[in-house]
Amino acid sequence: MSTKTSGVIRSDEAYSKQMILQRLGISQKFWDKMISEGLPYTIVGHSRWVTGQALIEHLHRNAERKSNATQ
């Protein structure tokens, strides 16, 4: 894993739920919302992990949806 850089998500890395909450500064509620909206994840041990690629695609897709709804 690369150094801790706030806000940086790489498409070729995987991130635990805790790392996503810290790096992006999002709330548990927002994390739960992303999971319920279909963000793909894998359970490793007792924590959920997502790939950077899946997270980027999910955020991009939902940003487009929100942008289209406001127009």
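Heads up, my numbering is the position in the sequence shown plus 93, with the first residue counted as 1.
Ideal Cβ placement from N, Cα and C applies to all residues, glycine included.
Proximity winner among the options, relative to residue i (alpha-carbon distances)
{"i": "residue 118", "options": "100, 134, 131", "result": "100"}
{"i": "residue 130", "options": "103, 138, 155", "result": "155"}
Cβ pair residue i, residue j closer than 8 Å
{"i": "residue 152", "j": "residue 113", "result": "no"}
{"i": "residue 145", "j": "residue 103", "result": "yes"}
Residue i - partner residues in DSSP beta bridges
{"i": "residue 108", "result": "143"}
{"i": "residue 136", "result": "141"}
Practice prompt. Could you say if the stretch 122-133 and the stretch 102-109 meet the contact criterion of at least three C-beta pairs nearer than 8 Å?
Written response: no
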